[in-house]
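**Student:**
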Amino acid sequence: MGYDLRDAIDYLVDLAEEAKEPKVVDIAGKTYCDKSLRRYDKEEKADPLTATSLNSLLDYINGKSDELRESMIIHVESPTSVRLISGLNKERDREELFRITTNPNGFVFDSYYDQERFIINMQTAFQQSEETALILTVAGNVENKTIANYGDDGTSQKATISKGIAGKEDVIVPNPVTLKPYRTFLEVDQPESKFIFRIGEERDGSPIFKLVEADGGIWKYAAVDRIKEFIRENLKPEFLDRITIIG
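Our numbering applies: residue 11 is where the sequence shown begins, and numbers increase by one.
(1) Grouping DSSP H, G and I as helix and E and B as strand, with all else coil, what is Ser-81?
(2) At the level of alpha carbons, what is the spacing between Thr-142 and Thr-254?
(3) For Ala-56 and Leu-78, I'd like the C-alpha separation in whole angstroms.
(4) Are at least three pairs of beta-carbons, each pair with one atom in the region 224 to 231 and one in the region 187 to 205, less than 8 Å apart?
(5) DSSP has Lys-40 in a bridge; who is on the other side?
(6) Go ahead and pull the three-state DSSP assignment for Tyr-70.
(7) Identify which residue in Ile-37, Cys-43, Gly-39, Ala-38 has its Cα closest to the Cα of Glu-31.
(8) Let's see if you can read the secondary structure: which residues bound the beta strand (DSSP E) around Val-152?
(9) Would you mind stating whether Pro-58 and Arg-109 have Cβ atoms separated by less than 8 Å?
(10) Since Lys-220 is in the beta strand (DSSP E), which residue starts that stretch and which ends it?
(11) How long is the line joining the alpha carbons of Pro-114 and Ala-61, rounded to whole angstroms?
(12) Check whether the Cβ atoms of Ile-241 and Leu-68 lie closer than 8 Å to each other.
(13) Looking at the unbroken alpha helix (DSSP H) that takes in Glu-126, where does it start and where does it end?
(14) Does DSSP classify Thr-90 as helix, strand or coil?
(15) Please name the residue or residues paired with Thr-111 in a DSSP beta bridge.
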């Protein structure tokens, strides 16, 4: 037939070699390739260092200025997250050098706690004040199985608490209350917020307690502003023109 097996094999080999080669085409001024290619000249970026305090970020910037690019950004993403990133490089990309996160408060708002856990959390997860002391007084002395003595008009509640050795007293549960939970980095003053303090009951009549946030999340903006101000005040002056702080 004039078409031997060797020619057929050579033809198939040529097809296979052609299939390995990337095909590049221009469509509407854009360049496309039918293969996934890896660039070997792409600028490499370091993995970010991680920590949990604002002071660690400041220590890094003030002590490792040789690792910084000419233009840097401190991005306060939230009350619990801050990133140090570079300005745009020639690839129109950014390098993240440092990241700090914190979770200073294990208190879960809008969830009921039993008496012991609530008292412990009020003492450890909040800056202490006259209002935390008032809540602790009520929560620590509400009598078990006295749910029939609770009154609730939707805004205020009444509870019976122990008074002295044998006495009892009906008190109005304080509402709303202004508290300072630990919700952002501990180096800054914690933003205060208003909370609704509620008393409920278990099936056995024992009291349970919860706090409901009542400021619509405004505290987050205050926290971000305080973080920015703290960083700005503690950066060495030579970095103030080189590093932009946003949040």
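Cβ atoms here follow ideal geometry from the backbone N, Cα and C, with glycine treated the same way. Note that the coordinates shown come from a computational prediction; the quantities given were computed from them, not determined experimentally.
**Tutor:** In short, the structure shows the following:
(1) The sequence position of residue 81 within the sequence shown is 71, counting from 1. It is coil, neither helix nor strand.
(2) One-based indexing of the sequence shown puts residue 142 at position 132. One-based indexing of the sequence shown puts residue 254 at position 244. In a straight line, the C-alpha of Thr-142 is about 38 Å away from that of Thr-254.
(3) What you label residue 56 is simply residue 46 of the sequence shown in a count that begins at 1. What you label residue 78 is simply residue 68 of the sequence shown in a count that begins at 1. When rounded, the distance between both Cα atoms is 12 Å.
(4) yes
(5) Locating residue 40 in the sequence shown gives position 30, counting from the first residue. Answer is Ile-37.
(6) Position 60 of the sequence shown, counted from the start, is the residue given in the question as residue 70. If DSSP states are grouped into helix, strand and coil, Tyr-70 belongs with the helices.
(7) One-based indexing of the sequence shown puts residue 31 at position 21. With distances taken between Cα atoms, Glu-31 lies closest to Cys-43.
(8) Taking the first residue of the sequence shown as position 1, residue 152 is located at position 142. Careful: Val-152 lies outside any beta strand (DSSP E) and carries neither H nor E.
(9) Working through the sequence shown from its first residue, we reach residue 58 at position 48. Working through the sequence shown from its first residue, we reach residue 109 at position 99. In this structure, Arg-109 lies closer than 8 Å to Pro-58 by Cβ.
(10) As a working note, residue 220 is residue 210 in the sequence shown. Here the beta strand (DSSP E) through Lys-220 covers 217 to 223.
(11) If you number the sequence shown from 1, residue 114 lands on position 104. If you number the sequence shown from 1, residue 61 lands on position 51. The alpha-carbon atoms of Pro-114 and Ala-61 are separated by roughly 13 Å.
(12) Stepping through the sequence shown from its first residue, residue 241 is reached at position 231. Stepping through the sequence shown from its first residue, residue 68 is reached at position 58. Taking 8 Å as the Cβ cut-off, Ile-241 and Leu-68 qualify as a contacting pair.
(13) Start at 1 with the first residue of the sequence shown, and residue 126 comes out as number 116. 125 to 134 is the span of the alpha helix (DSSP H), which, as asked, contains Glu-126.
(14) Numbered from its first residue, the sequence shown carries residue 90 at position 80. Here Thr-90 sits in coil by DSSP.
(15) As a position in the sequence shown, residue 111 is number 101, starting the count at 1. Answer by DSSP bridge pairing, in chain order: Ser-91.
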